[in-house]
Amino acid sequence: QLQLQESGPGLLKPSETLSLTCTVSGGAISSSTYYWDWIRQPPGKGLEWIGNIYYSGSTYYNPSLKSRVTISVDTSKSQVFLKLNSVTAADTAIYYCARGWVGASDSWGQGTLVTVSS
Amino acid sequence: QSALTQPPSASGFPGQSVTISCTGISSDAGGYNYVSWYQQHPGKAPKLLIYEVNKRPSGVPDRFSGSKSGNTASLTVSGLQAEDEAEYHCRAYMGSNNYDFGPGTQVTVL
Numbered sequence: 027q028l029q030l031q032e033s034g035p036g037l038l039k040p041s042e043t044l045s046l047t048c049t050v051s052g053g054a055i056s057s058s059t060y061y062w063d064w065i066r067q068p069p070g071k072g073l074e075w076i077g078n079i080y081y082s083g084s085t086y087y088n089p090s091l092k093s094r095v096t097i098s099v100d101t102s103k104s105q106v107f108l109k110l111n112s113v114t115a116a117d118t119a120i121y122y123c124a125r126g127w128v129g130a131s132d133s134w135g136q137g138t139l140v141t142v143s144s
Numbered sequence: 003q004s005a006l007t008q009p010p011s012a013s014g015f016p017g018q019s020v021t022i023s024c025t026g027i028s029s030d031a032g033g034y035n036y037v038s039w040y041q042q043h044p045g046k047a048p049k050l051l052i053y054e055v056n057k058r059p060s061g062v063p064d065r066f067s068g069s070k071s072g073n074t075a076s077l078t079v080s081g082l083q084a085e086d087e088a089e090y091h092c093r094a095y096m097g098s099n100n101y102d103f104g105p106g107t108q109v110t111v112l
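Chains as they are written, first to last, in our numbering: chain D, 27 to 144; chain Y, 3 to 112.
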């Protein structure tokens, strides 16, 4: 059974870099069938697609975040990474990693709350 | 700001049906019917209910169904049950390797 687990600092100061890791277990991370999404949800608000990475290494980002986001993968460790530069309070959210397939996210991690506050 | 719109709330009595709309689906999505729906209970991660407009993953009850007409997708929950009370999110491929989520609809079982 596929499991995804997000990890990383829960509290950041404005202008710092958010760095999260998604550890994948119970399934192959380097499959041509799937890709890996990062999605976030500010408290009490809707979901926002951040971006994704394919097995080929190709990455695609939400245009509104593109200038600040980098998604990468380490297949040897079955980990997917998210970096978001120059965070502000507006980046406070629960961050989810998910497995992508035919335009949908079929397996999700439990999410990790990241708070940006001075 | 999402390009997709959903009603903020919907409700129905147990056994009834409720339909949630998701408007603003791009017509320039490269021919892909990548519309999906997610159910989210408080404090939990979203769960995939529908993919490719009207397909259900294994384990999702057939009470959940999806459809699409023009730039609007819909999710229908038939035979409402207490456990269906949750937030429902639509997601659509907008073209140019970009996805968007709707703002979410809170479904209340009366």
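All C-beta atoms, glycine included, are put in the ideal place defined by N, C-alpha and C. All of these numbers come straight from a predicted model, not from anything done at the bench.
message: Going by DSSP, what residue range makes up the beta strand (DSSP E) through K109 of chain D?
response: Q105 to L110
message: Give me the chain D residues within the contact set of L112 of chain Y, using Cβ-Cβ distance strictly less than 9 angstroms, ordered along the chain.
response: Chain D residues near L112 of chain Y: none, gap ~23 angstroms exceeds 9 angstroms.
field: Top-ranked residue by Cα proximity to S82 of chain D, from D:S90, D:N88, D:S98 and D:P69
entry: D:S98
query: Using a C-beta cutoff of 9 angstroms, does Y60 of chain D count as contacting chain Y?
result: no
field: Through-space distance from N88 of chain D to L108 of chain D, alpha-carbon basis
entry: 13 angstroms
- prompt: Closer than 9 angstroms, CB to CB, is D218 of chain D near chain Y or not?
  reply: With chain D covering 27 to 144 only, the question about residue 218 of chain D has no answer from this structure.
query: Expressed to the nearest angstrom, what Euclidean distance is found between the alpha-carbon atoms of A47 of chain Y and S80 of chain Y?
result: Answer to the nearest angstrom: the Cα atoms are 23 angstroms apart.
message: I need the DSSP call for E89 of chain Y, collapsed to helix, strand or coil.
response: strand
field: Bounding residues of the beta strand (DSSP E) (the contiguous stretch that carries S38 of chain Y)
entry: V37 to Q42
task: Pull out every residue of the stretch 111 to 138 of chain D whose Cβ sits closer than 7 angstroms to any Cβ of chain Y, in chain order.
output: Y122, V128, G129, A130, S131, D132, W134, G135, Q136 and G137
task: Measuring alpha carbon to alpha carbon, tell me which of D:S93, D:I55 and D:S143 ends up nearest L28 of chain D.
output: D:I55
Test: I79 of chain D CB closer than 9 angstroms to a CB of chain Y: By this cut-off, I79 of chain D is not an interface position.
message: Between L77 of chain Y and chain D, is any beta-carbon pair separated by less than 9 angstroms?
response: no
- request: Look up D102 of chain Y in the DSSP assignment and say whether it is helix, strand or coil.
  value: D102 of chain Y sits in a strand when the DSSP states are folded into three classes.
Cα-Cα separation between A88 of chain Y and S98 of chain Y, rounded to whole angstroms: 31 angstroms
- prompt: CB L110 of chain D to CB L139 of chain D, shorter than 9 angstroms?
  reply: no
Nearest neighbour of N73 of chain Y, chosen from Y:G106, Y:Q3 and Y:V55 [CA to CA]: Y:V55
message: Quick check: does the Cβ of I120 of chain D come within less than 8 angstroms of any heavy atom belonging to the ligand HEM?
response: The ligand HEM is absent from the structure shown, which contains no ligands of any kind.
- prompt: Taking DSSP as the reference, what is the three-state secondary structure of A116 of chain D?
  reply: helix
field: Span separating the alpha-carbon of A84 of chain Y from that of K39 of chain D
entry: Rounded to whole angstroms, A84 of chain Y to K39 of chain D spans 41 angstroms at the Cα level.
message: Distance check for D64 of chain Y and S11 of chain Y, CA to CA, integer angstroms please.
response: 22 angstroms
field: For L44 of chain D, the first and last residue of its enclosing beta strand (DSSP E)
entry: L44 to S51
- prompt: Would you say K49 of chain Y reaches chain D, if we count a Cβ-Cβ gap shorter than 9 angstroms as a contact?
  reply: It does; some Cβ of chain D falls within 9 angstroms.
Residues within the stretch 62 to 77 of chain D neighbouring chain Y, beta-carbon criterion of under 7 angstroms: G72, L73, E74 and W75
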